[in-house]
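Residue numbers (the working numbering): 1 to 382. C-beta: ideal position from N, C-alpha, C; glycine also. Have a look at the structure below, then the notes.
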Ligand SMILES: [Fe+2]
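What follows is the structure in structure tokens.
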């Protein structure tokens, strides 16, 4: 048995943001824009503001979202929302602003704190309309019915997941990613690859998610390198690929890469995409025996030649292909290089046991396995 549902309208292409104001009139006349200072300073709000002004929509900008937003940060954003009595929310930026926007939409109609809804389907009331505008090529947060929020009191990033949380509309406009710095393009693109890849081998995969996930892996294999190099069309294709990866990851579930990376993110300020990319080949090696056929599919999708190879040899090429891609787009070799200290590994492994992304992983795993995965990624040299 499987089910597949999806709740976001996707509007993609050149200058689609020119219509966001006209489209948003159905949600009200007062908008809260949730973003961060970087997005605002780079002028990325301009087409949105112009379109809202043309449509006669009043808007209020909350630009205080921090990276890895906390419960407190969501509350601040919600207070700003209340002060201005907004009708709907527009989230603009990477995963942090988009997740904050979705969190405010939950709290606005359900009360309390976003922490009250940790886990699956605890959100009771319909949430406010949320329009999302991604400015990176990775999180897929523009279409996921989930939000990842940090709780500093327990060094833990928790997930709120609810089918009531699908954003109403997602706008994929190439202007938003044309000036994305190359390292961020590489890191967020590797996050998207991790979403598609973990979804493809997940225990929760089904024929619908499989068909999209393997296609997305192929798109990323083809477009991530030229996107990092600055090719505009490749960047737009990555924007589409990361959005599709978001659709499949909530439907199929993720795995140990995200479980370990999110736990690490609770202790160290490492970029989520970088953390995933460093861990990914090591978790792939661990998971490979669970489904070598699917790993072979991944190798082929990433352009590897598998003719004449045994299934095991072909499957191993998937790991090599991912390592080559990581190297090409500038991902550091190991966790030590991004400031992780190995004294925290036992605690992080323990915390990862309860991560929401662990159960869908295709291979059963123990505390010792989780610790070993952190250790192999800690000082790996290619
Ligand atoms: Fe991710």
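Thinking just about the alpha-carbon of each residue, which of the options is nearest to the one in residue i?
i	options	result
residue 312	206, 300, 289, 327	289
residue 276	287, 255, 124	255
residue 8	143, 71, 50	143
residue 149	51, 71, 269, 2	71
residue 317	63, 292, 338, 47	292
residue 173	263, 327, 366, 10	10
residue 73	52, 101, 46, 51	101
residue 63	32, 280, 334, 325	32
residue 281	125, 179, 260	260
residue 228	307, 326, 378, 61	326
residue 94	333, 113, 243, 50	243
residue 343	267, 4, 6	267
residue 121	113, 38, 145	145
residue 333	375, 91, 306, 379	379
residue 40	82, 112, 91	91
residue 54	113, 198, 19	19
Enumerate in chain order the residues of its own chain whose CB-to-CB distance from residue i is below 6 Å, with the five nearest sequence positions on each side excluded.
i	result
residue 273	138, 187, 188, 190, 191
residue 105	89, 127, 128, 130
residue 253	202, 204, 360
residue 78	104, 107
residue 245	140, 192, 195, 196, 216
residue 251	4, 209
Measuring only the C-alpha atoms, how far is residue i from residue j?
i	j	result
residue 170	residue 310	43 Å
residue 265	residue 336	14 Å
residue 231	residue 185	11 Å
residue 154	residue 141	24 Å
residue 76	residue 58	20 Å
residue 26	residue 56	12 Å
residue 233	residue 339	34 Å
residue 23	residue 14	16 Å
residue 119	residue 347	21 Å
residue 304	residue 29	52 Å
residue 249	residue 240	14 Å
residue 125	residue 68	26 Å
residue 363	residue 200	13 Å
residue 235	residue 223	7 Å
residue 12	residue 157	30 Å
residue 66	residue 6	28 Å
residue 308	residue 287	23 Å
residue 81	residue 306	54 Å
residue 441	residue 198	This structure cannot settle anything about residue 441, because the visible part of the chain is limited to 1 through 382.
residue 83	residue 34	14 Å
residue 221	residue 112	43 Å
residue 375	residue 38	34 Å
Using 9 Å as the threshold, is the C-beta distance between residue i and residue j below it?
i	j	result
residue 176	residue 134	yes
residue 147	residue 99	yes
residue 330	residue 182	yes
residue 209	residue 351	no
residue 132	residue 167	yes
residue 21	residue 52	yes
residue 61	residue 17	no
residue 278	residue 377	yes
residue 323	residue 269	no
Give the C-beta separation of residue i and residue j to the nearest angstrom, bearing in mind that I take them to be a contact with Cβ-Cβ under 8 Å.
i	j	result
residue 214	residue 301	5 Å
residue 283	residue 370	With a Cβ gap of about 10 Å, residue 283 and residue 370 do not count as contacting.
residue 36	residue 103	Actually they are not in contact, since the Cβ atoms of residue 36 and residue 103 sit about 14 Å apart, beyond 8 Å.
residue 217	residue 298	6 Å
residue 212	residue 237	That pair is no contact at about 15 Å.
residue 179	residue 42	7 Å
residue 349	residue 367	6 Å
residue 357	residue 271	That pair is no contact at about 17 Å.
residue 315	residue 341	Actually they do not touch by this definition, with Cβ atoms about 33 Å apart.
residue 319	residue 294	In fact, because the Cβ distance is near 13 Å, the residues do not count as touching under 8 Å.
By Cβ distance, which residues of its chain are closer than 8 Å to residue i, with the 5 residues on each side in sequence left out?
i	result
residue 123	106, 110, 117, 160, 162, 164, 165
residue 85	30
residue 353	367, 370
Tell me which same chain residues have a C-beta within less than 7 Å of the C-beta of residue i, skipping the five on either side of it?
i	result
residue 365	256
residue 328	225
residue 152	70
residue 2	206
Compare the C-beta of residue i with all C-beta atoms of chain C and state if any pair is closer than 9 Å.
i	result
residue 118	No chain C is part of this structure, which consists of one protein chain only.
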